[in-house]
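Asks: Take this structure first; my questions come after.
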Amino acid sequence: QGMLIATTGQTEVGDLHYAMLGGAGSTQSTNGTLVPTANWPQGAIDITAIPSSSWTSPQSCYVYELGYEVELAATATNPAASFVFTAAASEQELNVLGRSVYEGLFTYTGTLDGTAVSGYAWGEIQGRPPAGHVTPPNC
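The working numbering numbers the first residue of the sequence shown as 470 and each following residue consecutively.
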């Protein structure tokens, strides 16, 4: 099975969270993608950055949170889940078309419907630009 957990920031409404589970038991939609077997509503998703996981890139001075706690509340059709995601390494920042972004391997542990789970995940983190007028390497 695979899981998508994401947050996207929208100026007008704040953070929007997504959590979907797919794979075993999924059906295929008309465009060929898998239909999620579980899709949690906004109010059932809590994604919290772990404050002690902050990392400042020496190349861009951007600050990235490299650890997250994710709680997915059980609903009538979705199981409860609890995960901790941790970056496998700090130095995974890329510069893509002049924009700094952190993309890399994460590990996770937790529970899904009461069953212990662990494994690897891919993360893309949009960092915070540096405060003030700092420039590398004086972050």
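From the three backbone atoms N, C-alpha and C, an ideal C-beta is built for every residue, glycine too.
Look up Gln511 in the DSSP assignment and say whether it is helix, strand or coil.
Replies: Looking up residue 511 in the sequence shown gives position 42. Residue state, collapsed to three classes: helix.
Asks: Could you give the DSSP three-state label for Ser521: helix, strand or coil?
Replies: Counting from one through the sequence shown, the residue named residue 521 turns up at place 52. Helix.
Asks: Give me whichever residues DSSP pairs with Thr555 in a beta bridge.
Replies: The residue you call residue 555 lines up with position 86 of the sequence shown. Paired residue(s): Gly536 and Thr576.
Asks: What would DSSP say about Gly491, mapped onto helix, strand or coil?
Replies: As a first step, residue 491 is located in the sequence shown; it is residue number 22 there, counting from the start. Residue state, collapsed to three classes: strand.
Asks: For Ala475, which option in Glu481, Gly483 and Tyr487 has the closest C-alpha, if you only look at C-alpha atoms?
Replies: Here residue 475 refers to the residue found at position 6 of the sequence shown. Here the closest residue by C-alpha is Tyr487.
Asks: Less than 9 Å between the C-beta atoms of Trp591 and Gly573, yes or no?
Replies: For the purposes of this step, residue 591 is identified with residue 122 of the sequence shown, where counting begins at 1. For the purposes of this step, residue 573 is identified with residue 104 of the sequence shown, where counting begins at 1. Yes.
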